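Notes follow the structure.
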Amino acid sequence: MKRIFKYLLIITALVAGGLVYTACSDMEKEYEGSLVEYPDITIDDFTPKSGRPGQAVTITGTNFGEFSDAAKIYFNGVMAAEFVSYTDNQMVVRVPNDAGTGIISVSVWTHTHDFAEDFTFVPGAKINGITPEEGAVGSQVTITGESFGTDASAVTILFGGGVEAQIVSITDNEIVVTVPEGGIRGAVTMEVGPQILTGPIFSYPFVGLNYQFNGADSEGWLSTHNSTSVVSGGAMNVTFDPNQFSGTSKRRADFQLAGGVELHAGLFPIIAIKLNKPANGNFILDTNLGRYKNGSNNWDGILQGDIYYYDIRNTFGSGATLSQTEPTTLTTFQWKIADITSPETGYSVDWVQSFESLDALNEYVALPEGKYVFEFDDPNTFDWTASHNSTVVIEGGKLKVSFDPAQFEGTNKRRADLYNVILGKFPYPDGAAKESWICTPEYPIMAFKITFKESGLAKPEAGNMKLDPYTGSNNSYKTDFMSQNVIYYDVSDKYTARTELNVWQLKIADITSAETGYEVDWIRTFKTTAELQAFLGL
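Take a look at the structure:
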């Protein structure tokens, strides 16, 4: 019995040893499965046989597959970077910029074939310069460079604004064109076959308004109706006649350019004025041809709350228009600033200018990142609104918010958060996507000029306000300028680097006092508290 048990142990050990040995041997064996093999490709032809950089070249053949990332096409050793299209038997690629005359090599997966016939590379065109860089409509401009070719039908010259110029003459290194009507200041663009080249900036002679008030000179501007004016602090400051404040008198002081002005509605159609317009009254662009669009307060848009712009290609008076091909002299040019019933004692004009386009104006007035200016002069433009079923209107230069009447029932508390963006939407929740609010360390002061109805205070008598998502507690706003109805936050402790926020709002909630809403005059960011104080004139 002992002997049988001994044999069983030996057999068990041998079997186990065999299994272990077999397992180790299997792991050491090489993989003998079949490798993936891709069918060899064939290449039949390519067209065209020559071309410039960017030229689309069609290559035909078989077994290219459907996956363009598996293919590499070389023109004289330089790999093409762009496929226009790709199928199993045809691919279209663009000639790379640095190619040369030589063979086209086609590689797909592990297979490579070369065409026997060379592709002839035509050196790309190059712009060296334009002369002159400024000129009137109808004058000639010479464009110098290389490899233009001599076929005018293969070349297109575009001036600023995408206006095509007529080619007068062409050689391989020089093109003469006529300055087109309707263009604007901008880069001259050349299309040579598939190539698109950007050349130097060409400018039309400036015809229009350019007044900055940086010195002490009014530069021909004056104010009317017994008002007084002085140029200081980079603005022309106008003060209404004190006698206009007696009784039921309304204030008036037109802003007028003595001697008129010459404008060009074709080249510089946008005129803009930056001023702190009185809240209540009429603001009229007026000329000897009549009022702009024959009305009052009908500017075409407002930027940053105090920049009013007009497109003078529109009509004046009963339908007069300015020439878009020649300058127009207006013997009367002024803004009537009249019928003022709001309490302002005057106004200030920072500048008056003409621009080639609205884009040029936007570029000129673009604010640095993190700097925000919101004023509420345009009843149709909402950059901020309020939540919780409140009623919001813009009138009299203010954003006016009224609480939902249902919030006054029973023990309800009032709430209407003032917001710029919530979860990337405006208005929230069903509005369009909106860019994030950007906080930067350069502009950490967030200020609101706000007045609650009934009380006239800059805060609710009983309730909470909190800047969100800033982590401060309820009612942690700064109160230095409460007498001016201005509250502000210093967020420099929270946003020490550029930060994009898809929520930015002033929560106004838990109100149990009698206010029925609030009004906002402006919302701005500042570099420092001192800058805010200077803005308030304190």
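Numbered by this note's numbering, the letters in the sequence shown go through residues 564 to 1101 in order.
For glycine and all other residues, C-beta sits at the position ideal for the given N, C-alpha and C.
What you are looking at is a predicted structure, and each value in this text was computed from that prediction instead of being measured.
- Relative to the Cα of residue 646, the nearest Cα in the group 658, 652, 639 belongs to 658.
- Of the other Cβ atoms in all chains shown, fewer than 16 fall within 10 Å of the Cβ of residue 810; this residue is therefore exposed.
- Residue 993 sits in coil when the DSSP states are folded into three classes, being neither helix nor strand.
- Per DSSP, residue 685 lies in no beta strand (DSSP E) and is assigned neither H nor E.
- Straight across, the Cα-Cα distance linking residue 1038 with residue 1024 is about 12 Å.
- A distance below 6 Å between beta-carbons, with the five flanking residues on each side excluded, links residue 691 to the following residues of its chain, in chain order: 707, 708.
- Excluding its 5 nearest sequence neighbours in each direction, residue 1032 has C-beta neighbours in its own chain below 6 Å: 1066, listed in chain order.
- Per DSSP, the continuous beta strand (DSSP E) segment holding residue 845 begins and ends at 845-850.
- In this structure, the alpha-carbon of residue 865 lies about 6 Å from that of residue 872.
- If you ignore the 5 residues before and after residue 1048, its C-beta comes within less than 7 Å of the C-beta of 1012, 1013, 1014, 1021, all in its own chain and listed in chain order.
- If you compare the alpha carbons of 1068, 633, 716, 867 with that of residue 999, the shortest gap goes to 1068.
- Annotation: residue 928 to residue 893 spans about 26 Å, alpha carbon to alpha carbon.
- Per DSSP, residue 826 lies in no alpha helix (DSSP H) segment; the continuous beta strand (DSSP E) that holds it begins and ends at 824-826.
- Comparing alpha-carbon positions, the option among 974, 1085, 712 lying closest to residue 957 turns out to be 1085.
- Here residue 948 is buried. Its C-beta has 16 or more other C-beta atoms within 10 Å.
- No Cβ-Cβ contact shorter than 8 Å links residue 617 with residue 639.
- Note on geometry: alpha-carbon atoms of residue 890 and residue 855 lie some 18 Å from one another.
- By alpha-carbon distance to residue 771, the top candidate from 818, 753, 825, 651 is 825.
- Bridge pairing for residue 776: absent [DSSP].
- Listed in chain order, the non-local C-beta contacts of residue 634 below 6 Å within the same chain comprise 671, local neighbours out to five positions each way being set aside.
- DSSP, reduced to helix, strand and coil, places residue 1094 within a helical segment of the structure shown.
- Every beta strand (DSSP E) of 3 residues or more that sits fully in the segment 918-963 is shown, in chain order, as 936-938, 954-958.
- The alpha-carbon of residue 675 is positioned some 49 Å away from that of residue 996.
- Ranking 673, 643, 627, 631 by CA distance to the CA of residue 600 puts 673 first.
- One alpha carbon belongs to residue 641, the other to residue 662, and they sit about 6 Å apart.
- Partner residues in the beta bridge of residue 855, as assigned by DSSP, are 879.
- One alpha carbon belongs to residue 625, the other to residue 643, and they sit about 20 Å apart.
- About 5 Å separates the Cβ atoms of residue 852 and residue 880, confirming a contact at the 8 Å cut-off.
- For residue 867, the three-state secondary structure derived from DSSP is coil.
- By the beta-carbon neighbour count (other beta carbons within 10 angstroms, threshold 16), residue 1078 is buried.
- By the CB criterion at 8 Å, residue 876 and residue 756 fall outside the cutoff.
- For residue 788, there is no enclosing beta strand (DSSP E), as DSSP gives it neither H nor E.
- In this structure, the beta-carbon distance from residue 655 to residue 621 falls below 8 Å.
- Around the C-beta of residue 731, fewer than 16 other C-beta atoms lie within 10 Å, and the residue is accordingly described as exposed.
- Taking C-beta separations shorter than 7 Å and ignoring five residues to either side along the sequence, the partners of residue 713 in its chain run 733, 734, 735, following chain order.
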